[in-house]
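Here's the structure, in structure tokens; my notes come after.
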Amino acid sequence: MKSWRTRVGIGLAVGAAAIAIPLTSSTAFAAGPPPGDGWQPVGGESYDSWQACYDQMQSDLALNPQYHEATCVSDPQPGLPNFYSEWMR
């Protein structure tokens, strides 16, 4: 028969593993570029609506002559509200 000390230690180890495995094995989500080549994320900001992203994109495009095209991309995150980020090329 195992001692209570051993049983408690094993129970704590199993409990920690049961919590750690789901936290570390989740899939990473990141904003992906739109189809095509040369797209770059711009600004590093996220917007809670497509319209807010679009308005910022229009002003940023005018300030960056090296880019000729811009779009807003939806960046879904598990458990969080959807948000949008700017991409230019």
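Numbered per mature numbering (1 follows the signal peptide of the UniProt record, and there is no 0), the sequence shown spans residues -30 to -1, 1 to 59. The beta-carbon is built from N, C-alpha and C at its ideal position, and this holds for glycine as well.
Practice prompt. Taking residue 44 as part of the beta strand (DSSP E), name the residues at either end of that continuous run.
Written response: 40 to 44
What is the DSSP secondary structure of residue 28, counted as helix, strand or coil? helix
Candidates -26, 28, -28: closest to residue 107 by CA position | This structure cannot settle anything about residue 107, because the visible part of the chain is limited to -30 through 59.
For this session: For the beta strand (DSSP E) holding residue 11, just list the boundary residues, first then last.
Result: 10 to 17
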